[in-house]
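Quick notes on the structure that follows.
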Amino acid sequence: MPVSGEPFDPAKPDFENPLVSRGDVTVYRTIRTRTGLTVPVTITNTGRDRAAYTAEVKITGPQAFEAVLHVGTDGAPLYPGTSRPTELTATDPGKPVPSDPTITITRVTRTPDES
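Each residue of the sequence shown is one higher than the last, beginning at 537 in my numbering.
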């Protein structure tokens, strides 16, 4: 029984409990749909200067499900202490959507702003 707050809704992203982090990139619990996985991701600039980011997230599962997602700040730098949340969709046509995928952040690139 919840003590406070809203009841848990499995159809909403859970930005409170990270599954995996690497550097300034964090992935949260995925949401399974019939056609794919919704993957909530935040990029948080923990540095002292503005910076732009790119990252790669790999999702695998049973029966050879595999998807690679690319996330970033589209070249726009984040100020220190700010974050950019987003949701991406992982699909692998012809493969069943896994209920318990393996998620790995395979690459994070931080490019300091020179301006």
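Note that the Cβ used here is the ideal one computed from N, Cα and C, for glycine as well. For clarity, every value in this text was computed on a predicted model and none was experimentally measured.
Legend entry - Asp560 versus Thr574 - alpha carbon distance: Spanning the two alpha carbons is a distance of roughly 20 Å.
Legend entry - Alpha-carbon spacing of Val644 relative to Tyr589, whole angstroms: So the alpha carbons of these two residues sit roughly 7 Å apart.
Inset, instruction - With Leu555 as the anchor, note down where its beta strand (DSSP E) starts and where it stops. - result: The continuous beta strand (DSSP E) containing Leu555 extends over residues Pro554 to Arg558.
Inset, instruction - Measuring alpha carbon to alpha carbon, tell me which of Glu650, Ala626 and Lys631 ends up nearest Thr640. - result: Out of Glu650, Ala626 and Lys631, the CA that lies nearest to the CA of Thr640 is found in Ala626.
Legend entry - Reference Gly693; option with closest CA among Glu623, Ser651, Glu650 and Thr580: Because the chain spans 537 through 651 in this model, residue 693 falls outside it and cannot be assessed.
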